[in-house]
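**Student:**
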Amino acid sequence: MRYQGKITEWNDDRGFGFVTTNGTNERYFFHISELQGSTTRPTAGKIVTYEIVTPSDKKSSAVKVRYPGTTPARPTRAGRPWGWSPDAIIAGAHVAVPLWLVSSGKLPTMLIALIVGMSLVAFVMYNIDKRRAERDAWRIPESNLQFVGLAGGWLGALSAQRIFRHKSSKTAYVHTFRFFGVLALALMIGAARYNVANFLNGV
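Residues in the sequence shown are numbered consecutively from 1, following UniProt numbering.
#1: Could you give the DSSP three-state label for H166: helix, strand or coil?
#2: In or out: A192 buried (at least 16 other Cβ within 10 Å) or exposed?
#3: Mind checking which residues open and close the alpha helix (DSSP H) that includes S143?
#4: Once DSSP output is grouped into helix, strand and coil, what is the label at N127?
#5: Would you identify the three-state DSSP class for S33, choosing helix, strand or coil?
#6: How about V95 and M188: do their beta carbons lie closer than 8 Å?
#7: Report yes if the CB atom of T176 is closer than 8 Å to the CB atom of Q146, and no otherwise.
#8: Taking T24 as the reference, which of R131, Y3, I112 and L158 has the closest Cα?
Quick look at the structure:
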């Protein structure tokens with residue numbers, strides 16, 4: 001069932017806001033990723049239609065948000081989340097490069113454990129930050145989220161962005177995130193160049 005209401009609050013920097021259903025005081029959270037059929041950024045006061053979902057572990061929220069008269073765009077190859085996108089290429093490198101460096105003896109096997117561990121940390125941090133955003137509570141600083149990706153958790157951070165639809169619509173954040181992903185790869189290759197594995201084995 002679709003409802004009509006008004007955007008009563010919008011935080012463009014964070015990419016989320018709240019809508020209030022017409023004739024009620026019921027206010028629902030919605031994320032920019034739920035906006036369909038338009039590239040116009042939401043602002044307070046705009047009329048929208050939407051559906052309401054209530055996951056078992058969360059508060060009700062508005063989804064499939066549209067401006068009146070618009071319809072959801074059909075998915076195209078360019079709009080698919082993976083394919084040969086920069087994220088997919090960097091993610092593939094974050095799998096292939098560490099495996100190659102470790103298997104060739106250029107870096108110690110602890111690198112794989114570090115990546116798995118930091119990816120889990122990143123995934124949990126994004127989940128916590130997403131939940132706090134929905135409650136308009138204190139947020140984890142973006143610099144912390146970016147750093148955990150640089151420190152080995154880039155794959156976990158990317159997975160969390162996709163699963164939780166968090167931070168993936170903020171262009172500046174995504175560009176920085178991708179830069180850190182490439183930088184993390186460069187640091188691994190640089191460490192291998194200086195033969196860190198042999199150094200650690202000799203300690």
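A virtual CB, placed ideally from N, CA and C, is assigned to each residue, including glycine.
**Tutor:** Taking the geometry as given:
#1: Here H166 sits in coil by DSSP.
#2: Taking a 10 Å sphere around the C-beta of A192, we find 16 or more other C-beta atoms and assign the residue as buried.
#3: If you look at S143, you'll find it in the alpha helix (DSSP H) that goes E142 to V148.
#4: Three-state result, N127: helix.
#5: In this structure, S33 counts as helix in the three-state DSSP scheme.
#6: Contact annotation: V95 and M188 have beta-carbon atoms that are not nearer than 8 Å.
#7: Going by C-beta atoms, T176 is nearer than 8 Å to Q146.
#8: Check the Cα spacing between T24 and each of R131, Y3, I112 and L158: the tightest is with Y3.
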